[in-house]
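Last residue of the sequence shown: 87 (full-length UniProt numbering), numbering continuous. Every residue gets a Cβ at the ideal spot worked out from N, C-alpha and C, and that includes glycine. Accompanying notes for the structure given below.
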Amino acid sequence: MEADDVAELARLLSREIDTLSDDELLSLITTWGALRRTAPEGIGRAVAALYQRKRLSWPEIGRLTGIPPMTAHDWARPYLSREDDPA
Numbered sequence: 001m002e003a004d005d006v007a008e009l010a011r012l013l014s015r016e017i018d019t020l021s022d023d024e025l026l027s028l029i030t031t032w033g034a035l036r037r038t039a040p041e042g043i044g045r046a047v048a049a050l051y052q053r054k055r056l057s058w059p060e061i062g063r064l065t066g067i068p069p070m071t072a073h074d075w076a077r078p079y080l081s082r083e084d085d086p087a
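As structure tokens, then:
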């Protein structure tokens with residue numbers, strides 16, 4: 001997903017749904033769908049990157065993000081090095 005797509009999605013979401021044209025609704029639906037499909041990988045990579053900075057523990061990441069620590073770990077696991085995830 002490109003940054004322009006995310007910006008367009010934010011723009012459309014900031015408006016009242018009943019003021020959007022058919023084309024804008026179609027754009028909203030397809031862009032949101034694409035974001036939804038790519039979100040798990042993006043979140044997993046971001047959580048892994050945050051953990052690999054070695055400043056936050058899994059419980060701290062959970063507290064700061066609202067994501068249960070084990071869920072955050074599960075999402076990040078495919079993107080962690082063996083060194084960072086000995087499990």
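Once the 5 residues before and after Trp-32 are set aside, which same chain residues still bring their CB inside 7 Å of it? Position 32 of the sequence shown, counted from the first residue, corresponds to residue 32. Here the set comprises Leu-9.
Can the beta-carbon of Trp-75 be found less than 7 Å from the beta-carbon of Ile-43? Residue 75 sits at position 75 when you count from the first residue of the sequence shown. Residue 43 sits at position 43 when you count from the first residue of the sequence shown. Yes, they are a contact pair.
Taking C-alpha atoms, which residue in Glu-83, Val-47, Asp-23 and Gln-52 lies nearest to Met-70? The sequence position of residue 70 within the sequence shown is 70, counting from 1. The residue with the shortest Cα to Cα distance from Met-70 is Val-47.
Inspect the beta-carbon positions of Tyr-79 and Arg-45 and report whether they are closer than 7 Å. Start at 1 with the first residue of the sequence shown, and residue 79 comes out as number 79. Start at 1 with the first residue of the sequence shown, and residue 45 comes out as number 45. Yes.
Could you tell me the alpha carbon to alpha carbon distance between Glu-2 and Ala-34, rounded to whole angstroms? For the purposes of this step, residue 2 is taken as residue 2 along the sequence shown, with counting starting at 1. For the purposes of this step, residue 34 is taken as residue 34 along the sequence shown, with counting starting at 1. One C-alpha to the other measures close to 10 Å.
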